[in-house]
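What follows is a set of notes on a single structure, which appears directly below.
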Amino acid sequence: MNTARLNQGTPLLLSAVTKQYAANTVLNQLDLHIPAGQFVAVVGRSGGGKSTLLRLLAGLESPTSGALLAGTTPLAEIQDDTRMMFQDARLLP
């Protein structure tokens, strides 16, 4: 069971994050720092990796390589009460 919690004073850090689906690289060595308390808009072309990035941050998928951190804690260790709201209705396992 994950016991660490994400709070508003925690920055999000992505370091060299890569996500591949078979031979298709969607995110390639992405580095991103989101300071604590900041609102961020992710904008880009269709197929540019926006939804993949959000799924990684929400813990719905794992990166092929790289690190996703909340402060110094890996996002995978954060308590499972983080949610993502989709534009369209979805059923997830």
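In our numbering, the protein residues as written are 803 to 895. A virtual CB, placed ideally from N, CA and C, is assigned to each residue, including glycine. Quantities reported herein were computed from a predicted structural model and do not represent experimental measurements.
If we call anything under 9 angstroms between Cβ atoms a contact, is residue i one with residue j?
{"i": "leucine 815", "j": "leucine 858", "result": "no"}
{"i": "leucine 856", "j": "leucine 832", "result": "no"}
{"i": "valine 782", "j": "leucine 834", "result": "There is no way to answer for residue 782, as the model of the chain reaches only from 803 to 895."}
{"i": "glycine 868", "j": "serine 817", "result": "yes"}
{"i": "leucine 862", "j": "leucine 871", "result": "no"}
For residue i, which residues of its own chain have a beta-carbon under 7 angstroms away from its beta-carbon, when the five flanking residues on both sides are left out?
{"i": "proline 837", "result": "Pro813"}
With a CB to CB cut of under 8 angstroms and the five nearest residues on each side skipped, what residues in its chain are close to residue i?
{"i": "valine 842", "result": "Ile836"}
Determine the DSSP secondary structure at residue i, reduced to helix, strand or coil.
{"i": "serine 853", "result": "helix"}
{"i": "leucine 815", "result": "strand"}
{"i": "leucine 834", "result": "strand"}
Grab me the residues of residue i's own chain with a C-beta within less than 6 angstroms of its C-beta, minus the 5 sequence neighbours each way, in chain order.
{"i": "lysine 821", "result": "Val828, Leu829, Thr854, Pro865, Thr866"}
{"i": "glycine 811", "result": "Ala838"}
{"i": "lysine 852", "result": "Val844, Gly846"}
Could you please give me the residues that DSSP links to residue i through a beta bridge?
{"i": "glutamine 822", "result": "Thr827"}
{"i": "threonine 875", "result": "Ala872"}
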